[in-house]
Amino acid sequence: MSNATPFPNPPDPVPLSLLNDFLYCQRRAALKAIEGWRGTNEHTVVGDSVHEQADVSGYETVKGVNLLRALPVWSDRLGLNGKCDIVERHPDGSLVPVEFKKGKRRKFDNDDAQLCAQALCLEEMFGLDIPKGAIFHARSKRRREVEFTEDLRRLTEQAIKAMHRLIEAEAVPQAVHKPQCSECSLFDHCLPEITSVPPTLARAYRAVFDTTD
1 MSNATPFPNP PDPVPLSLLN DFLYCQRRAA LKAIEGWRGT NEHTVVGDSV HEQADVSGYE
61 TVKGVNLLRA LPVWSDRLGL NGKCDIVERH PDGSLVPVEF KKGKRRKFDN DDAQLCAQAL
121 CLEEMFGLDI PKGAIFHARS KRRREVEFTE DLRRLTEQAI KAMHRLIEAE AVPQAVHKPQ
181 CSECSLFDHC LPEITSVPPT LARAYRAVFD TTD
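Residues in the sequence shown are numbered from 1 upward in steps of one, following the UniProt record's numbering.
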């Protein structure tokens, strides 16, 4: 278990999944958490379908390993709550969180941090060391092991603190138009091709379209 340091003031809990959004795009996380936007596209539909397979609470044993499905987890210290798709309980008592993702087997830091945050919640809840987890990539039907190194734990906790600061400030960051923006389910709400324009052009837009007296 990492050397857990308490946050200065325990923050109000936010969904675990928001950490993934925050590391992918801080504006996306803010639009969800602060302005309440939700969006749907082909990626979210496929992702929801993948999670439906693991999001039914239950318990079963496969080859001596207990599988806890859709297990609620939380951390008062980190201000997080959510669910683990699956938590494996092995015969030696160790716990391994498993997160389902829709795509092919590949490494994304935001996915690893989300999984690490699940492990931090489980460690706080059960008082156990959880050295590793796994991500199951549905498209390639392959499993990728993730080691919860000190570097990953540090990155995860720093990101959680920064995410809470963003939400508490209630300030949505300006868009930064990137190639992956077109694949985002909030693209039509974010409008990065307009909201990420240089300040001088942004002022011109406001001057043209401002209808207030």
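Backbone N, C-alpha and C define an ideal beta-carbon position, used for all residues, glycine too.
Could you give the DSSP three-state label for residue i: helix, strand or coil?
i	result
Phe22	helix
Asp85	strand
Ser57	coil
Val45	Any reading at Val45 is ruled out, since the residue's pLDDT is 44, under 50, leaving its predicted position unreliable.
Lys161	helix
residue 214	Because the chain here runs from 1 to 213, residue 214 falls outside it and cannot be looked at.
Leu155	helix
Pro13	coil
Glu124	helix
Ala175	coil
Leu186	coil
Glu170	coil
Val50	Its pLDDT being 48, under 50, Val50 is placed unreliably in this model, and the coordinates cannot settle the point.
Asp213	At Asp213 the pLDDT is 47, less than 50, meaning the model places this residue with poor confidence; the figure from the coordinates comes in the next sentence. Three-state result, Asp213: coil.
Would you mind stating whether residue i and residue j have Cβ atoms separated by less than 7 Å?
i	j	result
Cys121	Ser75	yes
Ala159	Ala113	yes
Ile130	Glu123	yes
Gly64	Pro91	yes
Trp37	His164	no
Leu166	Val146	no
Thr61	Ala117	no
Have a look at the DSSP bridge pairing and note the partners of residue i.
i	result
Val65	Val62
Glu193	BP columns for Glu193 are empty, so no partner.
Glu99	Ile135
Glu35	The partner list for Glu35 (beta bridge, DSSP) is empty, contrary to what the question assumes.
Arg144	Ile135
Leu80	Val14 and Ser75
Thinking C-alpha only, which one of the options is nearest residue i?
i	options	result
Tyr59	Ala33, Ile34, Gly36 and Glu88	Glu88
Thr149	Val73, Asp109 and Glu35	Asp109
Val172	Ala33, Val146, Ser17 and Leu19	Ala33
Gln174	Asp188, Pro192, Arg165 and Ser17	Pro192
Lys83	Thr61, Leu18, Gly36 and Leu128	Leu18
Arg143	Arg154, Lys178 and Ile86	Ile86
Leu128	Thr61, Ala117 and Ser94	Ser94
Pro72	Phe126, Glu168, Arg153 and Lys141	Phe126
Glu35	Glu168, Ser140 and Lys178	Glu168
Asn20	Glu170, His177, Pro179 and Ala162	Ala162
Leu152	Gln180, Asp111 and Arg69	Asp111
Would you call the region 176-188 and the region 24-34 touching, i.e. three or more CB-CB distances under 8 Å?
yes
| field | Sufficient close CB pairs (3 or more, under 8 Å) joining the region 135-143 to the region 91-103 | value | yes
Taking 8 Å as the threshold, find out whether the region 10-19 comes into contact with the region 64-84 through three or more Cβ pairs. yes
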